[in-house]
Each structure stands twice: as C-alpha cells, then as structure tokens.
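Okay, structure first, notes after.
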Amino acid sequence: MKKVETIDEYIAGYPAEIQNKLEQIRALISKHAPGAEEAMSYGIPTFKLNGNLVHFAAFKNHLGFYPGAAGVEAFKDVLGGFETSKGTIQFPLDKPIPVKLIRDIVRFRVKQNLEKKKKTK
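For what it's worth, the numbering used here labels the leading residue of the sequence shown as 50, then goes sequentially.
Now the structure itself:
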C-alpha cells in the first residue's frame, strides 16, 4: 500500500460520507487555527502550530480527534458522551460532528501552543 503523503490523499481514501466528515473537521481546524500548517504525522492528518496542534483520523466506527492530554483534560466536563483516553476523543460516525466542541478545543490548543512559544523566547 502506498504511503499517504497529504491530507487530501488521506481523505480521498475513504467513502464520500466519511470524506465529508473529515473535510468538516479539517475546515474547522483551519478556521480556528490561523497560521497552522497541514502535515501528515504518524500516518494521520495533523495540524502544526509551534509543534503538534491536533491530529484526526477515520476508523471503522468513529473519527479520532487527538488534541493531546491537556486538550482532553481541559474539556473533560463536556466529553461525557464520547469515548476518551489520555489524549484522544472518539466521535461516532453515526452522529453529527460536534462543531462547537472541536472549535473550542482547537482554540484552546492554539492558545496553549502560542503561550509555549512565548515561554521559549
């Protein structure tokens, strides 16, 4: 199997319904993380802004969203309806994308990464 090198290639490898959800997540991240760069990391779509910002991926029954441990911890009070682990949130494929939640997490991660950059200067 050929290694996927771009987010476009990654998304194109899925059925139309999943492509739409992946594109929706991608657009949300792009909108709320101005200046973030798209990349592939760990074989999945990644946005970078002063380091890894968030990752996302498609699976058989869910979409994985990876804001890191701090991103999950900061929103644990509103994640009750989702499967989570230390740095992962699972969005079921049969449910709408939680737009506001993703927006809020991305904004949190942008702020976190920009503050990290200030501390290193």
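Backbone N, C-alpha and C define an ideal beta-carbon position, used for all residues, glycine too.
Close beta carbons around residue i, own chain, < 6 angstroms, minus the five adjacent residues each side
i	result
alanine 88	Thr95, Lys97
histidine 81	Arg152, Val155, Arg156
isoleucine 56	Glu87, Pro94
threonine 133	Val121
Proximity winner among the options, relative to residue i (alpha-carbon distances)
i	options	result
glutamate 146	Ile60, Lys51, Lys52, Leu77	Per the sequence shown, residue 146 should be read as isoleucine rather than glutamate. For the residues Ile60, Lys51, Lys52, Leu77, the minimum Cα distance to isoleucine 146 belongs to Leu77.
leucine 142	Glu66, Asp57, Tyr59	Glu66
glycine 117	Phe124, Thr137, Lys51, Thr55	Thr137
Local conformation of residue i per DSSP, three classes
i	result
asparagine 110	coil
isoleucine 174	Because the chain in this structure spans residues 50 to 170, residue 174 falls outside the shown range and cannot be described.
glutamate 164	helix
valine 53	coil
tyrosine 63	coil
alanine 82	coil
Neighbourhood of residue i by C-beta distance below 8 angstroms, restricted to the same chain and skipping five residues each side
i	result
asparagine 210	Missing from the structure shown is residue 210; the chain here goes from 50 to 170 and no further.
alanine 85	Ile78, Ser79, Phe96, Lys97, Leu98, Leu102, Val159
glycine 62	Val53
leucine 71	Tyr59, Ile60, Tyr63, Pro94, Phe105, Ala107, Leu112
lysine 165	Asn99, Gly100
Counterpart residues of residue i in DSSP-defined beta bridges
i	result
serine 90	Ile93
phenylalanine 140	Leu112
Proximal residues to residue i (C-beta, below 7 angstroms), its chain only, five neighbours per side dropped
i	result
phenylalanine 140	His111, Leu112, Phe114, Phe131, Ile146, Pro147
tyrosine 119	The sequence shown places alanine at residue 119, not tyrosine. Gln161.
valine 127	Leu150
What beta strand (DSSP E) runs, 3 residues minimum, are completely inside the stretch 93–138? Qualifying beta strand (DSSP E) stretches, in chain order: 93–97, 101–107, 111–115, 132–134.
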